[in-house]
Every structure is written in C-alpha cells, then in structure tokens.
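Chains as they are written, first to last, in this note's numbering: chain A, 8 to 423; chain B, 8 to 423. Cβ atoms here follow ideal geometry from the backbone N, Cα and C, with glycine treated the same way. Model, not experiment: these values are computed from the prediction.
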DNA sequence: GCGTAATAGTTCATCCGTACAACAAATGCG
DNA sequence: CGCATTTGTTGTACGGATGAACTATTACGC
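Now the structure itself:
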C-alpha cells in the first residue's frame, strides 16, 4: 500500500540538487563573477561587497580565487580623489579564457574567438556556396579551421573553454542532433563528431538563436534590452526569444519559426506546403522578386534600388512609384502582421531586426510599426520598440562564443 | 575615470541575492517540501534522504521544522513487509495551510479554498451577469463572500496563506493593475483594494493563466504534462504557456492572446479592429452563429446539436450536412491554424483545450490535428498531442488557490 | 522464544563557509 | 604632521550539513 521508507530508484523528476556548504561558495563565486562582468565601471573588492551584500572578507577570498583562476584581473590601484586607501579595480581578464564560435551558413563558414572582455581575439570567415553541400566535407573543413585557430590562441597562453556551432536549421541542443537544415540540404546528422575537435566541448545551436545572444552585448551607444524578440531575415526567416537575458528555447529549441506563420491563407504556396507564409512575403527571394531583381542578387542591389526610389521621391517625382516601393511595402506589412501575432502570444515589447532586415529597416519600419500599433492588443499600454540589430556581420559567431563564456560565468567554480 | 571602490547606489539590475548560511536551510527546506508534495507515494525521512541526496540527520531536522510549521504531517508508522524499524510516512498536511482562489467572470463570481493536499475545503460560486458591471459593487460582493469563507476556515483552525483573483482581461500581476477587461466592461482599476480584504495578501492574474495552473494537478487517470499550451475558449479566447510546470508570462503577463491571431486577413472584422482574428471563427459567439443558434445560448445546446448530427450521420444520412458540421468545421480549422502558429513560435508540443473547447473537442480534434500536422514545421520530429482540460469547472479558482500554495512550497522557511 | 540482521530515526563531534570585529595599509586634508 | 577615511586582511564566532555511532523497532531463522 505504501512504499514509505524505500529509496526509490526511479527518480520522478530530477529536481534541484541538495544545497551543501560548497553550494554557497559556488553561488557566491558566480555572483561575484557576474558582477565583475556586468557592471559598467570596474569595482573593487569593497565595491563588490557593497553591490552584492556579501561581507568584505568573503568577497576578498572569492576574488582571490577568481584571480587565481585567470577569470578576473586586478588593475593598478586607483584613488578616486577621496581619502582612504586606493582601491584595486577588478576587470574581466583579457586573453585568458576564451570562447569559440563556429558557423556554417549558406554562403560562408567561419570561426571567431572572443575573450572575457568581449574582444575578438581571432577570426576567420570563408565565403562559399554551401547550398546542398556535403556535411562531412564542409564540417571537416570548418573543423580544420577551428583547430588551427584553437592551436593559435592556445600557443598564446589562452584556454579555449568550449565552442558553439551555429547552423541554419532545426537543431536540438540537448541531443546534439541536426534534424534538418533545408538551405544546406542537410538532415538527420550529428555534426559535432564530424568537426573532429575531440579535445574541446562543442555544442550546436540554431543560427538565429545565437545571433540573438550577440545582441546582448549591446551597441556602442545603445544598451541591449533585457527581453526582446530577435528576427533574422534572409532566405529563410528565423527568430529567437530572449527573456531576462536568457534564451527561451521551448521544449526542444525549435521555437521562433516565424517564417512559417501564415499571413494570408490566400497567398502563394510556400516550400513548407502551407499557403501565405511570412517567408513568401518577407523572405529574401520574395523581396527580390517583388523588386524585379534576380532572386540570388546581393542584398545591396535591393538597398540601392530602394535608396534610388527615395531620391526620386525627394526630387518630387511623386507620381511614379518605384520598384523599391513595390518591394518594401508588402514585406513590411506582412512582417508587421506576423510580429503582431508574435507579440500578442509572447508579450515581449522590443523587437530587434537582424539579418537582411537590419539594412532594410528604414523602408520597413513605418509599415511594421503601423501594423503593430493596430494589431497588438497591449499596444495602448506599452511602448513597442522596433530597432535594428547592433551586432555586426556573422552575429551567430559572436553569440556562440558569448554563450561559451556565459557558461564559464555561470559556473566559475569549475575553473578555480 | 573610474569609480572603482565606490559603493554604487544605483543598482543596475537586482541580481540574485548573496548566499548566506540560512540560504542553505531555505533551499533544502524547499527541496524537502517539494519532494513531500510531488512524490506519488508518501516517503519517510530516510526515503527523502535517499531521494534528495541529503544526509538522514539533515532531513530529520528539516522535516521536524516542516511538521512544526503544519506543512507536513506524519502518518502512523508502517512497515513495508521488510525487516527494520517501521517508517513514518510523511504527507502534505490536510486542513492546515490553505490557499484562496477568487474569480470574477462574465457569468459568475466565486471563491474556492484548497488545502495542501489539493482537496477543496470550501467553495462558493454565484451565477450572475457581470457584462458591463460596476467593479466596485461586484468586487465588494466577492470580497464579502471571500471574507465569510476565510473566517469559516480560520474558525476551523486553518491558516489562509493568501489569495489570487482571476480576471478575464489584461492584468499586470506585478503592479496589481487591471488595464482592461472587455467582457466585464472594466478598465484601468486596481481591483485588490476594492475587495476589502485587508488582512490577506491578494494578487491578481489573468483567468486563462490560472486555469492553466489548475491543469498541473493532473486528471484522475492521466498525468499532467510538464510543459503545455493551454487554450481557454469562451466568448474570448485566451491562452497560457506552462514550461517546466511554471507559467511563462512574458514581460507583463499579457501573453497568450491567441484570440487575436489573424487566421485570414480577408475574414470578418473583429472587435479589436483587425480582420479575421481567430475569435471570429472559434469564439463562442462565432460558433453559435455558424450553427444557427442564438449567440447567447448555452454551450450545451451546441453540444446537443453536434451530437444529433453525429447520430444522423451514423444513421446513414450522409447526404445532409447538419448545422453542427457547419459550426465545427471552420472553428476547428481556424483553431488549428492559430495553434500551428503558436507551436511554430513556441515549440511546446502539448496543447490542452479548456473552456468551451473541452466539451467540443470531439468535433474539433480531427481538424485541429490535421492542420497542426500540416503546418507545424517540427511535426515530423515530435509527437504533438491535443488533449482536453482535466480540471473541472471554474478551473481558475483551483489554479489561483494552487498558485498560493505553490508560493508556500517555494518558501516554506517563511512558515517555520 | 531468542538472537541476529536490517532499517528508521537521533545524537554528537567535525568540517566548511560566511559574518563581524579588529587591525594593517594607504591616502587626502587641515 | 596628525587625523579621518577607505581598502584589504586576519582571527574568532556561528550556522548548517555530514558521517559515524547509537537507539528503536521490526522480520527472520533456529
């Protein structure tokens, strides 16, 4: 009737682990590490104590461990113009522990190494055409490139904490399995072993998800939002959700497929089988076609055409709508419509547009914002913001490297 | 140049608090409490030690505190047929600490008291017509009812740990502000003070969100999923997202507005101003109208009509499509389409249909599942499941009370 | 019926990590 | 030059988890 007292072997749910003494140390190490990394101006030991609420003595011992682990570095003591012993500013250690971001996409593969300060230590991007490519060959090539860079930074005394491989497709980060990457023509394979990087821990992720993480670094002038929807437009359209600076992945990491939200069931048939998906209006191919340009033309040609249209408009030639207008308008309204659904379902008020949309934003913004204001139920009560992505090109490389370094910060005890 | 060493008063982000000694005790108390409540069969102190990894001595002191706090109760010692001292099974304490769920909806108001075992200790539901009602009068009435029940259970020696008020509208749980509840005709008010329950802590929440929490209790036969999308269909259509047994609320708790996902931009105009919202196909009014019934007829009339249609169909009268068919089909396909968008954006594979949809599910399932299988990108790789809600009527009352009790479990140290 | 093994629960010395207070170090200011 | 002020370190105290030893209570074999 009852099994009370029996040690049950079938653990129903693996709940949180019991808290021991060393759990305290681990948590506080993390607290200190995060504080050092996230504060705009460097803090001293005493400053960290005030910021975290820990005692100065405790902070001292923790900081000493982080310094010994080469995660934190002491700057020369500086006196802030006040009386008292000068403080020792503590900063993330440059060129010590680094993260490696890898990516295979349709038109390039690449690798980027970031250190804890966010600096790019090394980078290699190789253009190519990987549509319908052979995963074994491509991944071996990327693996060779990664090993080269890895050896280089190791020779300079740095430690590679891990790597993330960004792929444009349905990826399960937990199992390491790529289900399908339509634009690469890859399916049902385990990419990590094919890289041949036995020594470093590599995990895979969706390209848009990692690109979103790159946004968390913020721009030169504008701070990164804590929660946002990141939409990356290219041939396909992917999205990622960041809530409180953490990726929201759903059950398997297959969320954010905004490209196949139906905008109009009477619209053109999509490659996925449905009709009127967003991709058919705001995907790169659709936008190019609407502008009368060849589908595989570079994005720049669309941008110049749109800019020319603006110039003509400013010159007073209002009568003639340009090809650019025809291109931008349907994409903008369709994107706005899909984003309105997204915001209604998620309640995240900041939308970051990446990929091709970053450059096209001037011609999309008005339509997107108008549709959002109309269609988002909470619009009267909240400031919806549409902004351009701040991270530069190949953002997924940066995001992947950042994710590795975030993992280091989340468990600095592993490095002491 | 640098402010190192300055205790900064402007805390950039209120990160996690520093871990002290008592943090250990709090976390482990929570661990034990959750284990007692979530395990199917009652465990003894030794069983808990094995399940949590804590030492038997530690578990003993923690359990003693929980028993003293009246959160856990010891059952008579039972021997499982094995040698050794008989074990003392530990169970959630009945009729000791209780949670209070409150709700105002269009056609009723009510209150329900649940104890830690999940039993309904007391309940009052008052039918009414609160469309375009006066919030002050209605909330005072509910407050009176709540105080009555609260006094009753207090007289029986129980402690009311808190209350949750469920409302059908845009609600910000953090500020306690109701922005708008269209079907009640309420807007921009703070409902909690109007209840007049000064002594107990009351928080507000959206009705669908709390109804979703009620699902976590599971049914008599079927276990509750850990992550699911809960859709509650009535006049309006609301949804909630539960991930790992926790509500996902977005930035303000205004997510899940699936009723205004656009299914067809060429569709009928919605009250929200857009065209072809899901509500225009699968809202109760739309379904009634499509079935040729008066919009305010009870749901049961639609169900009987549909059942009659089935009977006619079984009788071989295949030539004549019934009015029920006309009602169910557009609603089912529209619902499937909006859910497909939802799943594509969220990657949560289990969908629980509540409200009116629970009873209508037999006539919706085929269409919903067919559209999902077509439109969800991950459908080939994951088992999508559509199931009926398990919680009974007025689920938000149960969910609200459960949320109060969950808060108790999350911080049992406050009760020792 | 009794000894032994087995299991549950408790007691106690120990260890670990944080807190607090006292102290040393280093600076500005009158 | 002395004093106030702030930073960083040292030493003691305290809270909480641990493991071993101990008690309590049963089943089982002889």
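Given that a residue counts as buried once 16 or more other Cβ atoms are within 10 Å of its Cβ, and exposed if not, what is residue i?
| i | result |
| --- | --- |
| residue 12(A) | With a pLDDT of 36 at residue 12(A), under the threshold of 50, the modelled position of that residue is not reliable, and the figure given next carries that caveat. Burial call: buried. |
| residue 138(A) | exposed |
| residue 96(A) | buried |
| residue 86(B) | exposed |
| residue 222(B) | buried |
| residue 241(A) | buried |
| residue 149(B) | buried |
| residue 225(B) | exposed |
| residue 301(A) | exposed |
| residue 348(B) | buried |
| residue 181(B) | exposed |
| residue 3(A) | Coverage of chain A is limited to positions 8 through 423, which leaves residue 3(A) absent and any answer about it impossible. |
| residue 308(A) | exposed |
| residue 337(B) | buried |
| residue 340(B) | buried |
| residue 158(B) | exposed |
| residue 171(A) | buried |
Starting from residue i, find everything on chain B with Cβ-Cβ shorter than 7 Å and list it in chain order.
| i | result |
| --- | --- |
| residue 276(A) | Result: empty, since nearest Cβ-Cβ is about 12 Å, beyond 7 Å. |
Which bits of chain B does residue i rub up against, with CB to CB less than 8 Å?
| i | result |
| --- | --- |
| residue 119(A) | Chain B residues near residue 119(A): none, gap ~27 Å exceeds 8 Å. |
| residue 271(A) | 271, 272, 273 |
| residue 60(A) | 24, 25 |
Across which residues does DSSP place residue i in a beta bridge pair?
| i | result |
| --- | --- |
| residue 193(B) | 188(B) |
| residue 276(A) | 282(A) |
| residue 392(B) | 357(B) |
| residue 213(A) | 174(A) |
| residue 362(B) | 240(B) |
| residue 310(A) | DSSP lists no partner for residue 310(A). |
| residue 412(A) | According to DSSP, residue 412(A) bridges with nothing at all. |
| residue 182(B) | Paired residue(s): none; residue 182(B) is not in a bridge. |
| residue 50(A) | 97(A) |
| residue 166(A) | 104(A) |
Is DSSP giving residue i helix, strand or coil here?
| i | result |
| --- | --- |
| residue 207(B) | coil |
| residue 30(A) | helix |
| residue 43(B) | helix |
| residue 160(A) | helix |
| residue 318(B) | helix |
| residue 378(A) | helix |
| residue 402(B) | helix |
| residue 420(A) | helix |
| residue 339(B) | helix |
| residue 60(A) | coil |
| residue 386(A) | helix |
| residue 303(B) | coil |
| residue 153(B) | helix |
| residue 346(B) | helix |
| residue 25(A) | coil |
Can you pull the chain A residues whose beta carbon is under 7 Å from the beta carbon of residue i, in chain order?
| i | result |
| --- | --- |
| residue 261(B) | 354, 385 |
| residue 286(B) | Correct list: empty, because the minimum Cβ distance to chain A is about 11 Å. |
| residue 157(B) | Result: empty, since nearest Cβ-Cβ is about 32 Å, beyond 7 Å. |
Could you work out which residues of chain A lie near residue i, taking near to mean beta carbons separated by less than 8 Å?
| i | result |
| --- | --- |
| residue 268(B) | 348, 351, 352 |
| residue 1(B) | No answer is possible for residue 1(B): it lies beyond the span of chain B, which begins at 8 and ends at 423. |
| residue 265(B) | 351, 352 |
Who are the neighbours of residue i on chain B, taking C-beta pairs under 9 Å?
| i | result |
| --- | --- |
| residue 389(A) | 258, 259, 261 |
What in chain A is Cβ-close to residue i, meaning under 9 Å?
| i | result |
| --- | --- |
| residue 23(B) | 34, 37, 38, 41 |
| residue 124(B) | The contacting residues do not exist; residue 124(B) stays about 15 Å from chain A at best. |
| residue 191(B) | Residues of chain A passing the Cβ test: none, with the nearest at roughly 16 Å. |
Should residue i be listed as close to the ligand FAD, given that the test is whether its C-beta is under 8 Å from any heavy atom?
| i | result |
| --- | --- |
| residue 214(A) | Only the bare structure without any ligand can be found here, which leaves the ligand FAD out of the picture. |
Beta strand (DSSP E) runs wholly inside the region 65-150 of chain B, at least 3 long, in chain order: Listed in chain order, the complete beta strand (DSSP E) runs (minimum 3 residues) inside the region 65-150 of chain B are 79-81, 97-99, 104-111, 115-122, 127-134.
Complete runs of the beta strand (DSSP E) confined to the region 222-297 of chain B [at least 3 residues]: Counting whole runs of 3 or more residues, the region 222-297 of chain B contains the beta strand (DSSP E) stretches 235-240, 244-250, 253-255.
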